[in-house]
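Going left to right, the sequence shown walks through residues 1 to 197 as UniProt numbering numbers them.
All residues carry an ideal CB built from backbone N, CA and C; glycine is no exception.
Just so we're clear, the structure is a prediction, and the values are computed from it rather than from any experiment.
Notes to accompany the following structure.
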Amino acid sequence: MTDIMWDSEIYEKAADARTLASSVAVPSLADPRLLRNTLGNFATGVVVLTYQSGDSYYGVTVNSFTSVSLDPPLLLVSMQRDSRALAYLLERPFAVNVLGDNQLGTALHFAGKPQDAHLVEWVDDDNAPRINGSLAYFQCTPWAGYDGGDHVLVLGRVSSYGQQDDTNPLLFYRGRWSALAQENETGGGARPERSRS
Numbered sequence: 001m002t003d004i005m006w007d008s009e010i011y012e013k014a015a016d017a018r019t020l021a022s023s024v025a026v027p028s029l030a031d032p033r034l035l036r037n038t039l040g041n042f043a044t045g046v047v048v049l050t051y052q053s054g055d056s057y058y059g060v061t062v063n064s065f066t067s068v069s070l071d072p073p074l075l076l077v078s079m080q081r082d083s084r085a086l087a088y089l090l091e092r093p094f095a096v097n098v099l100g101d102n103q104l105g106t107a108l109h110f111a112g113k114p115q116d117a118h119l120v121e122w123v124d125d126d127n128a129p130r131i132n133g134s135l136a137y138f139q140c141t142p143w144a145g146y147d148g149g150d151h152v153l154v155l156g157r158v159s160s161y162g163q164q165d166d167t168n169p170l171l172f173y174r175g176r177w178s179a180l181a182q183e184n185e186t187g188g189g190a191r192p193e194r195s196r197s
């Protein structure tokens, strides 16, 4: 009986919320720029997806990245359909490099704003090339690709990963690069990178 009363309270509050929401002006979905700006209120981390083609290493900066599953270990990145990197990510191993707040130049470089070519120090592992010094990395094999409108949702199965404990993340918020507004809590000096395979 308690569950039924509790449920009816939830429904009453939801009805009140709908009435309140209908009185608030809602922006038109016809304005994609306004929608993009509103979505930008969610601060995200910044990652560079890296892969090999022939004898060369490539990367692309994205901020749409999330964990999906621990068993099996899966993660997801969202790629624009017209991205040149998309075909590669669907057919060969790739790495997700989570950037630290000291890697803005790397983020810009792979976002189409070329920086010093020597800025990127590559780590050539058995799976996919990755960027040395990243806050964390996940090496993946393609798992699946799903329709996501003007994007494709790419799932990768994690084959190895690692992290550094002495670095804060690079953030992206409202169209700007940012960093955490707190002191690094690690205290002492730098700690070594930890890897899992």
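Beta-carbon proximity of residue i to residue j, cut-off 8 Å
i           : j           : result
residue 157 : residue 32  : no
residue 91  : residue 129 : no
residue 169 : residue 119 : no
residue 85  : residue 49  : yes
residue 94  : residue 146 : no
residue 121 : residue 133 : yes
residue 153 : residue 78  : yes
residue 76  : residue 140 : no
residue 68  : residue 155 : yes
residue 81  : residue 150 : yes
Boundaries (first-last residue) of the beta strand (DSSP E) holding residue i
i           : result
residue 162 : 151-163
residue 105 : Here residue 105 belongs to no beta strand (DSSP E); instead the alpha helix (DSSP H) covers 104-109.
residue 75  : 73-80
residue 70  : 65-70
residue 97  : 94-98
residue 128 : Note, residue 128: premise wrong, no beta strand (DSSP E); not H, not E.
Opposing strand residues paired with residue i [DSSP bridges]
i           : result
residue 52  : 57
residue 147 : 152
residue 142 : 156
residue 120 : Its beta-bridge partners do not exist; DSSP assigns none.
Segment limits, alpha helix (DSSP H) that includes residue i
i          : result
residue 87 : 86-91
For residue j and residue i, believed in contact at Cβ under 8 Å, the rounded distance
i           : j           : result
residue 60  : residue 138 : With a Cβ gap of about 15 Å, residue 60 and residue 138 do not count as contacting.
residue 99  : residue 62  : Contact flag wrong, Cβ pair sits at about 11 Å.
residue 273 : residue 167 : Absent from the structure is residue 273, since the part of the chain shown begins at 1 and ends at 197.
Residue environment, residue i, which counts as buried when at least 16 other CB atoms sit within 10 Å
i           : result
residue 70  : exposed
residue 66  : exposed
residue 144 : exposed
residue 34  : exposed
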